[in-house]
Amino acid sequence: MARIIAVTGKGGTGKTATSALLIRHLAKGDKVVLAVDADPDTNLPETLGCEVSKTIGDIKEFMHSERDNLPPDSNKESVLKSKLYEIIEEMPKYDLLVMGRPEGAGCYCYVNNLLRGIMDKLVDNYDILIIDAEAGLEHFSRRIFRKVDDLIVVTDGSRRGLRTAERIRELVDEMETDVSNIYVIANKVTETNHEIISSTAKELGLELIGMIPVDEMLISKDLAGEPLFELPDNSAAVREVEKITAKLGL
Amino acid sequence: MADEFPFEISPMFEGERIRKEGMHVELAGPKSKGFELVRAADMNDVEDGRFTLIGPDLQDMEEGSRYPFAMIYKIAGELVETDLESIVERRNHEFQNYIQGMMHLNQRDDVWIRVGKEAVSKGLNSFEHIAKAVMMLFKNELPFIEKVEAIYITDMDEIEKEIENTREVYKARDERTRGLHDEDVDTFYGCTLCASFAPTNVCVVTPDRISLCGAINWFDGRAAAKVDPEGPQFAIPKGELLDAESGEYSGVNEFAKKLSSGEYDRIKLHSFMEYPHTSCGCFEVVGFYIPEVDGIGWVDRDFAGTAPNGLQFSTMAGQTGGGKQVVGFLGVGVNYFRSPKFIQADGGWNRVVWMPKMLKDKVFQDMPEDIREKIATEDDAKDIDSLRNFLKEKNHPILERWVEEEVEEEVEEAPAKTQAASQAGSATPQMMQMPANFMPSMPMMGSGSGGVRIILKNAKVTVDKITILKEE
Chain A
1 MARIIAVTGK
11 GGTGKTATSA
21 LLIRHLAKGD
31 KVVLAVDADP
41 DTNLPETLGC
51 EVSKTIGDIK
61 EFMHSERDNL
71 PPDSNKESVL
81 KSKLYEIIEE
91 MPKYDLLVMG
101 RPEGAGCYCY
111 VNNLLRGIMD
121 KLVDNYDILI
131 IDAEAGLEHF
141 SRRIFRKVDD
151 LIVVTDGSRR
161 GLRTAERIRE
171 LVDEMETDVS
181 NIYVIANKVT
191 ETNHEIISST
201 AKELGLELIG
211 MIPVDEMLIS
221 KDLAGEPLFE
231 LPDNSAAVRE
241 VEKITAKLGL
Chain B
1001 MADEFPFEIS
1011 PMFEGERIRK
1021 EGMHVELAGP
1031 KSKGFELVRA
1041 ADMNDVEDGR
1051 FTLIGPDLQD
1061 MEEGSRYPFA
1071 MIYKIAGELV
1081 ETDLESIVER
1091 RNHEFQNYIQ
1101 GMMHLNQRDD
1111 VWIRVGKEAV
1121 SKGLNSFEHI
1131 AKAVMMLFKN
1141 ELPFIEKVEA
1151 IYITDMDEIE
1161 KEIENTREVY
1171 KARDERTRGL
1181 HDEDVDTFYG
1191 CTLCASFAPT
1201 NVCVVTPDRI
1211 SLCGAINWFD
1221 GRAAAKVDPE
1231 GPQFAIPKGE
1241 LLDAESGEYS
1251 GVNEFAKKLS
1261 SGEYDRIKLH
1271 SFMEYPHTSC
1281 GCFEVVGFYI
1291 PEVDGIGWVD
1301 RDFAGTAPNG
1311 LQFSTMAGQT
1321 GGGKQVVGFL
1331 GVGVNYFRSP
1341 KFIQADGGWN
1351 RVVWMPKMLK
1361 DKVFQDMPED
1371 IREKIATEDD
1381 AKDIDSLRNF
1391 LKEKNHPILE
1401 RWVEEEVEEE
1411 VEEAPAKTQA
1421 ASQAGSATPQ
1431 MMQMPANFMP
1441 SMPMMGSGSG
1451 GVRIILKNAK
1461 VTVDKITILK
1471 EE
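Chains A and B, in that order, give the protein sequences. Sequential numbering from 1 applies to the first sequence in my numbering. Sequential numbering from 1001 applies to the second sequence in my numbering.
Put into structure tokens, the structure is as follows:
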């Protein structure tokens, strides 16, 4: 059974960077990883340094528009599975899957139902999933992934950021998807806000498993639009993520 | 028996994905060519267990390479017939996936296969192993196959030579499949994917009736019900045929009662006016009765304008959806327009008077030729008056239904115009005001916005006397 880790948080907090660094760490080990970009504002591929041409959104659209043109007795599950395998980007040590655009008009119940079954089986081929998810957790409420082992909320140093983490925890309670653990990673931490963040997290009852410091190397890569995958091992952010993975037992 | 193979064979390996890094060779697939084909043959033409390979074998293929790949199986047996070919062919997918270290995706000329490094290192070095394993499974699992032989091709020229013939076989097969009708099967399929927001919906999928959402045809229902009979798609034994014209079956009626929790006990599959199919909320197209012309109009989800009855898709969808049986409105999937039984209880295409141009274009080739130019679109008619004129001008078959009312129609001309002008507001009251003689087969507008509906469940009612008075 694959361990499913979803990374979420408000836009701009650095959840994609955090996901990328987790994947960077895991790709060095011997586990097989599936990276999933579940944020419609797709930028995990770029952060990882790979190109993705097609998304799950595209293949759902394909199934929708082509369904009357397929041979009438074709097995649509098998067609959809093949299309899905076609869009998986196969990188050394990890695979990447992009959820992409939201559904168009019309009914996607059937396609989503097929997709759930296919994803269930696909997930079993991996040791770990890292899902870069938007804060609304839409793909979880649609149950494309049936469970989440660890939900990591990335927040910036502000009280508002931590409040978001609290709201996400409430959202999780309402979802049908099982979420076993919820953790918080504070990002862009400075010496001045370090203390406040820990005390606020404690006050809100959030389990803080890491504080990623402001990292000049990361900032300059981000500015240049270069993949964070190439950050050197001595980058402050990389070192903190290593510590986090140890805490998570990865 | 499986000991003779250098790999394990088990359904357990079915979901196995072979990644690029773990792959020895990729066969066919999106970046190459290939196909799989099963042909029924005479007993004398099949040499049982024989394997022929045209092109290089696995051991000659370099690690990480890609080759075209075709698999042809010739089967024979007393019970083997052409109609079984596609069913047997589908099993190739399953059986190859049973082989540890093999991944088979898709079907027909879209097949995509990978053989894993690990399997090769354990001794899988010839396609003969694979072919022999699949042939063994064919004979074990499908006992009507008495003889089977396999021909695999890994040579591009040979595949290109064969692929056109193969596509002809697929095409002929598809034509036969499209010729399958409600009367040819004894099982229909139900679907409850919409049950969460349309709890009384009874979605019945038959060879001549696609699901309302347009996504599930009879074959999809069959495939899903076979894998998981308790899942969202399941079998409905069709039972006794009660009325062929409207498509009423005792089995469907029983399921209607069960699925709607007693709300509906009759559903006629190909009827618009009487006991129509329920409408979920997912339907692609909604049909609406236009009493003024005694015809039926259709509007699809993509049409943002207003139908001649003054309503938009969204309004009618709201009124019709939710799993209700609504006389006067009907949700369908686009493919239902291609059904030979398309609302046949109500006159089929001869009853259709209006549809948006985009939708009409989509199904144009499937419409009976003589009606094609007689059905109005938004370019021809935007309201009832212009629709009526268009139908008259084109001599639409619906005119035959008007004959007996022609005399009264003259008298009603004036009020009808006023209504047409005021239709932009709401069409429902307008329908209720329509002269009764314009609604020859409308028993009652059950749309929820007029009349009274009383449902009694498990009730015992004793009444001495009931008086019903006409409202003054």
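Beta carbons are placed, not taken as given, at the ideal position from N, Cα and C, and that holds for glycine. The model shown is predicted, which means the values in this text are computed figures rather than measured ones.
With distance defined between alpha-carbon atoms, name the residue in the options nearest to residue i.
i: B:Met-1135; options: B:Ile-1099, B:Ser-1196, B:Thr-1082 and B:Leu-1311; result: B:Ile-1099
i: B:Leu-1391; options: B:Glu-1378, B:Val-1403 and B:Val-1353; result: B:Val-1353
i: A:Leu-206; options: A:Ile-182, A:Ala-105, A:Pro-213 and A:Asn-69; result: A:Ile-182
i: B:Asn-1395; options: B:Ile-1384, B:Ala-1198 and B:Asp-1370; result: B:Asp-1370
i: B:Ile-1054; options: B:Met-1156, B:Lys-1132, B:Val-1025 and B:Tyr-1249; result: B:Met-1156
i: B:Leu-1330; options: B:Ser-1126, B:Phe-1051 and B:Gly-1287; result: B:Gly-1287
i: A:Ser-74; options: B:Gln-1059, B:Ser-1065, B:Arg-1091 and B:Ser-1271; result: B:Arg-1091
i: B:Ile-1384; options: B:Ser-1211, B:Thr-1306 and B:Gln-1107; result: B:Thr-1306
i: B:Ile-1343; options: B:Gly-1328, B:Pro-1356 and B:Lys-1357; result: B:Gly-1328
i: A:Asp-178; options: A:Glu-195, A:Lys-121 and A:Phe-145; result: A:Phe-145
i: A:Asp-124; options: A:Val-32, A:Arg-143 and A:Ala-105; result: A:Val-32
i: B:Thr-1200; options: B:Gly-1015, B:Tyr-1264 and B:Ala-1235; result: B:Tyr-1264
i: B:Lys-1147; options: B:Leu-1079, B:Phe-1188 and B:Lys-1171; result: B:Leu-1079
i: A:Leu-44; options: A:Glu-203, A:Lys-243 and A:Val-7; result: A:Val-7
Mind checking if residue i is an interface residue toward chain A, Cβ cutoff 7 Å exclusive?
i: B:Ile-1113; result: no
i: B:Gln-1312; result: no
i: B:Phe-1219; result: yes
i: B:Gly-1305; result: no
i: B:Thr-1177; result: yes
i: B:Arg-1301; result: yes
i: B:Gln-1059; result: no
i: B:Gly-1015; result: yes
i: B:Lys-1360; result: no
i: B:Leu-1137; result: no
i: B:Asp-1186; result: no
i: B:Met-1237; result: The question names Met, yet the displayed sequence has Pro at residue 1237 of chain B. Judged by the 7 Å Cβ criterion, B:Pro-1237 is not in contact with chain A.
i: B:Asn-1395; result: no
Could you pull the DSSP bridge partners for residue i from this structure?
i: A:Thr-155; result: A:Ala-186
i: B:Ile-1099; result: B:Ile-1009
i: A:Ala-236; result: None; A:Ala-236 has no bridge partner.
i: B:Pro-1237; result: B:Thr-1187
i: B:Phe-1283; result: According to DSSP, which records beta bridges pairwise, B:Phe-1283 is partnered with nothing at all.
i: A:Gly-49; result: Answer is none; A:Gly-49 lacks a bridge partner.
i: A:Met-91; result: A:Tyr-94
i: B:Leu-1105; result: B:Trp-1112
i: A:Ile-130; result: A:Ile-5 and A:Ala-35
i: B:Glu-1248; result: B:Asp-1243 and B:Lys-1268
i: B:Trp-1503; result: Nothing in the structure corresponds to residue 1503 of chain B, since chain B is present only between 1001 and 1472.
i: A:Asp-178; result: A:Lys-147
i: B:Ile-1205; result: Rather than Ile, the amino acid found at residue 1205 of chain B in this sequence is Val. For B:Val-1205, which the question treats as bridged, DSSP gives the partners B:Tyr-1189.
Under three-state DSSP, which class holds residue i?
i: B:Cys-1191; result: strand
i: A:Leu-114; result: helix
i: B:Pro-1006; result: coil
i: B:Thr-1200; result: coil
i: B:Ala-1317; result: helix
i: B:Gly-1331; result: strand
i: B:Gly-1446; result: Unreliable placement is indicated for B:Gly-1446, whose pLDDT of 41 sits below 50; no coordinate value is reported for it.
i: B:Val-1025; result: strand
i: A:Asn-69; result: coil
i: A:Val-123; result: helix
i: B:Lys-1020; result: helix
i: A:Ala-20; result: helix
i: B:Lys-1226; result: helix
Closest Cβ-Cβ distance between residue i and chain B: below 7 Å?
i: A:Cys-107; result: yes
i: A:Asp-73; result: yes
i: A:Thr-86; result: It is Glu, not Thr, that sits at residue 86 of chain A in the sequence shown. It does: the Cβ of A:Glu-86 has a partner Cβ on chain B nearer than 7 Å.
i: A:Asn-125; result: yes
i: A:Glu-90; result: yes
i: A:Ser-82; result: yes
i: A:Asp-150; result: no
i: A:Asp-68; result: yes
i: A:Ser-78; result: yes
i: A:Tyr-94; result: no
*In chain order, which beta strand (DSSP E) runs of at least 3 residues are fully inside the stretch 1029 to 1063 of chain B?*
1034 to 1040 and 1051 to 1054
*Note down, one range per segment and in chain order, each alpha helix (DSSP H) of at least 4 residues found wholly within the stretch 1122 to 1189 of chain B.*
1127 to 1141 and 1156 to 1178
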